[in-house]
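Report on the structure given below.
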Amino acid sequence: MEEQDDQVSMTVEDSDGGEAILEDSAGSETDDQLAHFAGLLKIREETREYDGVKKTFLTGMKGHAKDTQVVAIYKNSASTSPMKARFAAFQAFEQVVSQKNGGQGNANVKYAWYSGSKEEIFQIISHGFGWCNGQSHGVGVYLSPTSFLLDGLESSRADENDMRHILLCKVIMGKMEVIPAGSKQRYPSSREFDSGVDNLEAPRRLVVWTTFMNSHILPDYIISFKAPSSTTLLINRISEIRNLGFVSVSALHHTMVKFLGPAKGALISRTYDDFAKRKVTGVQLFQAVRQITGDDQLLIEIFKSSTNKRVRRASRRTCAVQAAAELRRR
1 MEEQDDQVSM
11 TVEDSDGGEA
21 ILEDSAGSET
31 DDQLAHFAGL
41 LKIREETREY
51 DGVKKTFLTG
61 MKGHAKDTQV
71 VAIYKNSAST
81 SPMKARFAAF
91 QAFEQVVSQK
101 NGGQGNANVK
111 YAWYSGSKEE
121 IFQIISHGFG
131 WCNGQSHGVG
141 VYLSPTSFLL
151 DGLESSRADE
161 NDMRHILLCK
171 VIMGKMEVIP
181 AGSKQRYPSS
191 REFDSGVDNL
201 EAPRRLVVWT
211 TFMNSHILPD
221 YIISFKAPSS
231 TTLLINRISE
241 IRNLGFVSVS
251 ALHHTMVKFL
261 GPAKGALISR
271 TYDDFAKRKV
281 TGVQLFQAVR
291 QITGDDQLLI
301 EIFKSSTNKR
311 VRRASRRTCA
321 VQAAAELRRR
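Quick note: the sequence shown, position 170, residue 170 per the UniProt record's numbering, numbers continuous.
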């Protein structure tokens, strides 16, 4: 994410050496409200660090920022023995990956988002990562680049106080390789590579293999916030697409295969077949389409291309209309 020339706030920057503009680390002991995040420091609101992390988070929320409230920001202080061990492991592997790739900061450390329920976040902070959360581009731990926060936000869950929590992590990406959609890859394809992405030029999915999930990912901050639910966000996106006009499911399927190419097209076709056989609902089809495309704006362009196509089928209801209807009935 590009550095912002702001005299008051700061942003998190993905520089080649993984350095972030976050020097002002003043904080206070974790308060009772989120005491479950043991070993963390609550960042004071009047600090540059708080402003920088908050600005990065709200920038990632894009059009939903105005409806989002940042309640608190916590910093991983590495105050417990397990935290210190994971911090030391991260530093050691950062050096190893850098040396493997020619030295001089070539560990390619980036900031990225990881969302989940409060319980999942607590387990990660306390014990480290223990499971994979994605399989669309290989099997591993999936994180979202700082500018694509919304891609991973659907994994977050509101707690008993209607708050959600997301991790801002440092990630050792090293040398990245493209993992095709639908791949079941679980390890680097060769010793040359360290991690995976869905696209080298503009990645939206950062894939860390399970072998490296507790040495290459270091949770740095927890942002506790209140925001519209994932369902609301999805309804808003569906409404935006509906405004483009009538789109038959069959026309959408045909156009998406043409737009996305053989690999993603095959995934779309399988999902579409399940929809035609009533194995999945309209909303499940729409969510799968969003995940496969990995780009909401691309999805809108595909819908636009499909708008004037009138392929005769038994059912001419659009997946967007059906998805919106089903979501509103919940």
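For each residue, glycine too, the CB sits at the ideal point set by N, CA and C. Quick caveat, the model's predicted, so the values are computed rather than measured.
Legend entry - Nearest-angstrom Cα separation, counted from Met-83 out to Arg-270: Position 270 of the sequence shown, counted from the first residue, corresponds to residue 270. Position 83 of the sequence shown, counted from the first residue, corresponds to residue 83. Their Cα atoms are separated by approximately 43 Å.
Legend entry - Beta-carbon separation (whole angstroms), Phe-93 vs Ile-217, contact threshold 8 Å: Residue 93 sits at position 93 when you count from the first residue of the sequence shown. Residue 217 sits at position 217 when you count from the first residue of the sequence shown. Not confirmed; about 10 Å, so no contact.
Legend entry - According to DSSP, residues forming a beta bridge with Trp-113: Here residue 113 refers to the residue found at position 113 when the sequence shown is read from its first residue. Trp-113 is bridged to Ser-144 and Leu-168.
Legend entry - Straight-line Cα distance separating Glu-46 from Asp-198: Counting from 1 along the sequence shown, the entry for residue 198 is found at position 198. Counting from 1 along the sequence shown, the entry for residue 46 is found at position 46. One C-alpha to the other measures close to 38 Å.
Inset, instruction - Could you round the C-beta distance between Tyr-74 and Tyr-221 to whole angstroms and report it? I think they count as a contact, below 8 Å. - result: Mapped onto the sequence shown, residue 74 falls at position 74. Mapped onto the sequence shown, residue 221 falls at position 221. The pair is a contact, with the Cβ atoms about 7 Å apart (cut-off 8 Å).
Inset, instruction - Tell me where the beta strand (DSSP E) around Tyr-50 begins and ends. - result: Within the sequence shown, residue 50 is the residue found at index 50, counting from 1. From DSSP, Tyr-50 is part of no beta strand (DSSP E) but of the alpha helix (DSSP H) over 48 to 61.
Legend entry - Beta-carbon contacts of Gln-95 that lie in its chain and below 6 Å, excluding the five residues immediately before and after: Along the sequence shown, read from residue 1 onward, the residue named residue 95 stands at position 95. If we look at Gln-95 and ignore the five residues flanking it on each side, it has no Cβ neighbours.
Legend entry - Simplified DSSP state of Ser-224, which is helix, strand or coil: Translated into positions along the sequence shown, residue 224 becomes position 224. Reduced to three states, the DSSP call for Ser-224 is strand.
Inset, instruction - State the Cα-Cα distance for the pair His-127 and Gly-138, rounded to the nearest angstrom. - result: Here the question's residue 127 lines up with position 127 in the sequence shown. Here the question's residue 138 lines up with position 138 in the sequence shown. Cα-Cα distance, rounded: 24 Å.
Legend entry - Rounded C-alpha distance that separates Glu-19 from Arg-157: Numbered from its first residue, the sequence shown carries residue 19 at position 19. Numbered from its first residue, the sequence shown carries residue 157 at position 157. Here the model assigns Glu-19 a pLDDT of 35, short of 50, so the residue's position is not dependable, and the following value carries that caveat. If I take the Cα positions, the gap works out to 30 Å.
Inset, instruction - From the DSSP output, in three-state form, read off Ile-217 for me. - result: To locate residue 217, count along the sequence shown from 1; it is residue 217. DSSP places Ile-217 in strand when its eight states are reduced to three.
Inset, instruction - Identify the continuous beta strand (DSSP E) that holds Glu-120 and give its terminal residues. - result: Position 120 of the sequence shown, counting from 1, holds the residue named residue 120. Annotation for Glu-120: no beta strand (DSSP E) segment contains it, though the alpha helix (DSSP H) segment containing it runs 118 to 127.
Legend entry - The alpha helix (DSSP H) enclosing Ala-89, as first and last residue numbers: Here residue 89 refers to the residue found at position 89 of the sequence shown. Here the alpha helix (DSSP H) through Ala-89 covers 81 to 100.
Legend entry - Burial state of Glu-119 (16 or more Cβ within 10 Å): As a position in the sequence shown, residue 119 is number 119, starting the count at 1. With fewer than 16 Cβ atoms within 10 Å of its Cβ, Glu-119 is classed as exposed.
Legend entry - beta strand (DSSP E) segment containing Leu-40, residue limits: The residue labelled residue 40 in the question sits at position 40 within the sequence shown. Residues 40 to 43.
Legend entry - Contact belief for Leu-168 with Ile-124 at Cβ below 8 Å, rounded distance in angstroms: On the sequence shown, position 168 is the one that residue 168 refers to. On the sequence shown, position 124 is the one that residue 124 refers to. Actually they are not in contact, since the Cβ atoms of Leu-168 and Ile-124 sit about 12 Å apart, beyond 8 Å.
Legend entry - Simplified DSSP assignment, three categories, for Tyr-74: Here the question's residue 74 lines up with position 74 in the sequence shown. In the structure shown, Tyr-74 sits in a strand (DSSP, three-state: E or B).
Inset, instruction - Helix, strand or coil for Ser-269, going by three-state DSSP, please let me know. - result: Residue 269 sits at position 269 when you count from the first residue of the sequence shown. DSSP places Ser-269 in helix when its eight states are reduced to three.
Legend entry - Where the alpha helix (DSSP H) through Leu-200 begins and ends: In the sequence shown, residue 200 corresponds to position 200, counting from 1. Leu-200 -> no alpha helix (DSSP H), and no H or E assigned at all.
Inset, instruction - Determine the direct distance from the alpha carbon of Asn-108 to that of Met-213, and round the result to whole angstroms. - result: Here residue 213 refers to the residue found at position 213 when the sequence shown is read from its first residue. Here residue 108 refers to the residue found at position 108 when the sequence shown is read from its first residue. When rounded, the distance between both Cα atoms is 16 Å.
Legend entry - Minimum C-alpha distance to Leu-40 - residue among Lys-55, Gly-282, Val-53 and Asn-76: Within the sequence shown, residue 40 is the residue found at index 40, counting from 1. Closest by alpha carbon: Asn-76.
Inset, instruction - Please classify Glu-160: is it buried, with 16 or more other beta-carbons within 10 angstroms of its beta-carbon, or exposed? - result: Walking along the sequence shown from the start, residue 160 turns up at place 160. Counting Cβ neighbours within 10 Å, Glu-160 comes out exposed, since fewer than 16 surround it.
Legend entry - Close beta carbons around Arg-205, own chain, < 6 Å, minus the five adjacent residues each side: Against the sequence shown, residue 205 aligns to sequence position 205. The residues are His-137, Tyr-142 and Asp-198.
Inset, instruction - For my contact list, Lys-226 and Asp-162 are in at a C-beta cut-off of 8 Å; report their separation, rounded to the angstrom. - result: Counting from one through the sequence shown, the residue named residue 226 turns up at place 226. Counting from one through the sequence shown, the residue named residue 162 turns up at place 162. Sure, about 6 Å apart at Cβ, within 8 Å.
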